[in-house]
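The opening residue of the sequence shown carries number 9 in the working numbering; numbering runs sequentially from there. Data first, discussion second: the structure below is written as structure tokens.
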Amino acid sequence: MGKIVWSKDYSVQSEYLDHQHQNLINILNDFNQAIARGEGKKSAYTILNRLVQYTEEHFRDEEKLMEIARFPAEQLHAHMKEHEKLTEEIFRHGENWSSYGKEALPEIGLFLKEWLMEHILTSDMKYSKYVANVDDTFLSVK
Ligand SMILES: [Fe+2]
């Protein structure tokens, strides 16, 4: 599966959130590479857990920044629902992990890849003009 390579076209006009998106992409690339190399479920599971943890952190920060940037409440709510759905989905994969055969893993990687890129390019872009001029330095970059 092809690696995702960061492009300026993915920028949401917040250096902080762009940085987090880049980290997310890196973790996801690691996940897909581990699967493609057939490194086994164990190593991919470790990366999946890292992805769960980082995704939660990122969604929290992103939602906080959207709120501060006065992103319209209705849209914010819909956006948070998307985050919630994805978080549940990744959790579910974590829980079911031991029952998956090796052949099921590439599909999970592909789903996560498509979800993330679709989410950044469609949903996240909607808040870009709101966060563009907001001071995000209060969030500590990780
Ligand atoms: Fe988002």
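Just so it is clear, CB atoms sit at the ideal spot from N, CA and C, and this is done for glycine as well. None of these values were measured; they are calculated from a predicted model.
> Can you find a heavy atom of ligand 1 that lies under 6 Å from the Cβ of Asp69?
Replying inline: The answer is no for Asp69.
> Would the segment 35-50 and the segment 113-120 be scored as touching if the rule is three or more Cβ pairs under 8 Å?
Replying inline: Yes: at least three Cβ pairs fall under 8 Å.
> With DSSP run on the structure shown, which of helix, strand or coil describes Gly46?
Replying inline: Collapsing the DSSP output to three states places Gly46 in coil.
> Is the segment 135-144 in contact with the segment 15-27, if contact means three or more CB pairs nearer than 8 Å?
Replying inline: Enough Cβ pairs lie closer than 8 Å, so yes.
> Assuming Trp105 and Tyr53 make a contact with CB atoms under 8 Å, what is their CB distance in whole Å?
Replying inline: Confirmed, Cβ separation roughly 6 Å.
> If you check the beta carbons only, do Leu147 and Asp38 fall under 7 Å apart?
Replying inline: Going by C-beta atoms, Leu147 is not nearer than 7 Å to Asp38.
> Is Asp132 near ligand 1, judged by its Cβ being under 6 Å from some heavy atom?
Replying inline: Within 6 Å of the C-beta of Asp132 there is at least one heavy atom belonging to ligand 1.
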